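Worksheet: one structure, shown below.
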């Protein structure tokens, strides 16, 4: 594949190319589909590949440096993403970029970013669609189409699959991300008081008859012609529309602002109630898994991937479960230090005595989950250094959970709060503290984040993760994650309410490091977990959970 790619670069008159990690919808590709994986074997979710006629370099962030070096295995040199700009300026004269991988807005920045080289926006990559997509209708959860009337008075081109599924209330049974892989034009029809959708995709759409008459689905080649004939003018969203798609509609006009992603992040009361129910279901399955892995995993010589299958088996006992929201991270020992390590079915890595990290999420018809727990398995006494690392991470997690803050506060403020305890010991972690979470949609839902880079204030109804961590290369990784939603507290102030339900491993908590207020918080949380999940557990599971959630003395 690499030789064919280099041949294409030469034919198009370039000496190098950039390959990004996203697909033709500007969203992260599934591992088996993305071109970077096919070329260098990298399975992470974020990287950029620089392809020269002789050299090959991959650029990624702190989350994936260790993993990238291991997986690339000398097929490409691995560099920090912050050095990409300098490297391209120095090594590229004519740089090729596929217009389907960049938005109109982003493409305008490239000439300034890489001023030392000439940039060619020409298609040279092959993108795949899901062979088939089984569609279903989503509940409205208290939302009304009428609120979008002003947005769709003129036909708008929608390329973001999360926005499309959210607005059209159409989901799919696609793996991990159950949104409709398609482009669409939406227009408000006053006579029907709703948006009519003209959707184009090269997937075979199954069970299409369940969709309302306001949704028309066509193959892409027919869709393109139909849109050009039906609408004399259409509008597009610069940050979400691939440059390549605009070559089909050269007269399309940009809109100045697009508020749907932010409104999508602010959940209605009905959506929040659905999420609470989902997290009880997920909590039951996850807690059963924690009981199983503590009691059985090491003694039964389980592999990391066996644990993935076991958690799936617990979830599948519930009819509302649709599948995982991302590939499950099941990491024993040093594997946990690779922040997004994912075991493969063919891997022979057994779960050992000692550190273990499980980071898993589920898709349910009325909600999406994401939860992480770090454990010490087996009969060996926990390493005191591991206990200290664990407690400092838990300290930051609880500090975020207990936070109260004024309206207008950015997620960056909570990101600092989560790191404060670690910073005092000259420790840190190379990922954001939290990300937004959708409703039967993307487990990483923008634009809300707990990150130094965010510009979006936290608002009531936003659902986000709280997942500080600490990683010792070659030894272990620790990450503790719950989901929460933002709610009003007192006039002008906001606080957080927890959604996720599962115990933190009690034997790892050092009360003196945690402090009295945080011990009271963990005791209250654990009693909530016990009282909520206990009635659904077996006698043995309940007995184990009761021990795990016994109040901690200080």
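Numbering (this note's numbering), first residue to last: 781 to 1334. Yeah, the Cβ is synthetic: ideal placement off N, Cα and C, and Gly gets one too. In this text the structure is predicted, and so the values were computed from the model without any measurement.
query	result
Rank 1222, 1272, 1117 and 1245 by C-alpha distance to the C-alpha of residue 1184 and give the top, closest one.	1272
Could you tell me the boundaries of the beta strand (DSSP E) in which residue 1346 lies?	As displayed, the chain neither begins before 781 nor continues past 1334, which places residue 1346 out of reach and without an answer.
Find out if the Cβ-Cβ distance for the pair residue 964, residue 938 is shorter than 8 Å.	yes
Measure how close the beta-carbons of residue 1017 and residue 1038 come, nearest whole angstrom, since I'm counting them as under 8 Å.	5 Å
Reducing DSSP to helix, strand and coil, say where residue 847 ends up.	helix
Where does the unbroken alpha helix (DSSP H) through residue 731 begin, and where does it stop?	No answer is possible for residue 731: the residues shown for the chain start at 781 and end at 1334.
Short check: CB of residue 828 to CB of residue 792, under 8 Å?	no
Got a sec? Which residues, its chain only, sit under 6 Å from residue 1160 by beta carbon, not counting five neighbours each side?	1133
Specify whether the stretch 987-999 and the stretch 854-870 touch according to this definition: at least 3 beta carbon pairs, one from each stretch, less than 8 Å apart.	no
Taking residue 972 as part of the beta strand (DSSP E), name the residues at either end of that continuous run.	Run containing residue 972: none; DSSP gives neither H nor E here.
Using 8 Å for Cβ pairs, my map puts residue 979 next to residue 951. What's the rounded Cβ distance?	About 13 Å; that fails the 8 Å criterion.
Using 10 angstroms around the beta-carbon of residue 940, count the other beta-carbons present and answer buried if the total reaches 16, otherwise exposed.	buried
Counting Cβ pairs, one atom from each stretch, are 3 or more of them under 8 Å apart for the stretch 1160-1169 and the stretch 1112-1128?	no
Three or more C-beta pairs closer than 8 Å, one from the stretch 1087-1104 and one from the stretch 1043-1056: is that the case here?	no
Would the stretch 1095-1108 and the stretch 794-808 be scored as touching if the rule is three or more Cβ pairs under 8 Å?	no
List the endpoints of the continuous alpha helix (DSSP H) containing residue 1045.	1040-1045
Any idea which residues DSSP pairs residue 1033 with across the strands?	1015
Mapping DSSP to helix, strand and coil, what is residue 1182?	coil
Short of 6 Å in beta carbon distance, which residues of its chain neighbour residue 1218, apart from the five on each side in sequence? Order them along the chain.	1148 and 1225
Could you tell me the boundaries of the beta strand (DSSP E) in which residue 837 lies?	836-840
Taking three-plus beta-carbon pairs below 8 Å as touching, is the stretch 1308-1318 in contact with the stretch 1261-1271?	no
If you draw a straight line from the C-alpha of residue 823 to the C-alpha of residue 830, how long is it?	17 Å
I think residue 1215 touches residue 825, with their Cβ atoms under 8 Å apart; what is that distance to the nearest whole Å?	The pair is not a contact, with the Cβ atoms about 12 Å apart (cut-off 8 Å).
Note down, in chain order, each residue of its chain lying with its Cβ closer than 7 Å to the Cβ of residue 1006, except the 5 sequence neighbours on either side.	978 and 998
Please tell me whether residue 1155 and residue 1074 are closer than 8 Å, where the distance is taken between their beta carbons.	yes
If we ignore side chains and look at the alpha-carbon of each, how far apart do residue 1019 and residue 1026 end up?	12 Å
List, from N- to C-terminal side, the alpha helix (DSSP H) runs of 4 residues or more that fit wholly inside the stretch 927-958.	941-948
Give a yes or no on whether the C-beta atoms belonging to residue 910 and residue 954 are separated by under 8 Å.	yes
Does the Cβ of residue 1049 have 16 or more other Cβ atoms within 10 Å, making it buried, or fewer, making it exposed?	exposed
Please specify which runs of the alpha helix (DSSP H), each continuous and at least 4 residues long, are wholly inside the stretch 1241-1297, giving them in chain order.	1291-1294
If you draw a straight line from the alpha carbon of residue 885 to that of residue 1188, how long is it in whole angstroms?	27 Å
Helix, strand or coil for residue 1128 per DSSP?	coil
For residue 1253 and residue 1209, what's the separation of their Cα atoms in angstroms?	12 Å
Give me the Cβ distance between residue 900 and residue 874, rounded to the nearest whole Å; I'm assuming they're in contact under 8 Å.	6 Å
Is DSSP giving residue 1198 helix, strand or coil here?	helix
When the Cβ atoms of the stretch 1105-1113 are set against those of the stretch 1227-1244, are three or more pairs found closer than 8 Å?	no
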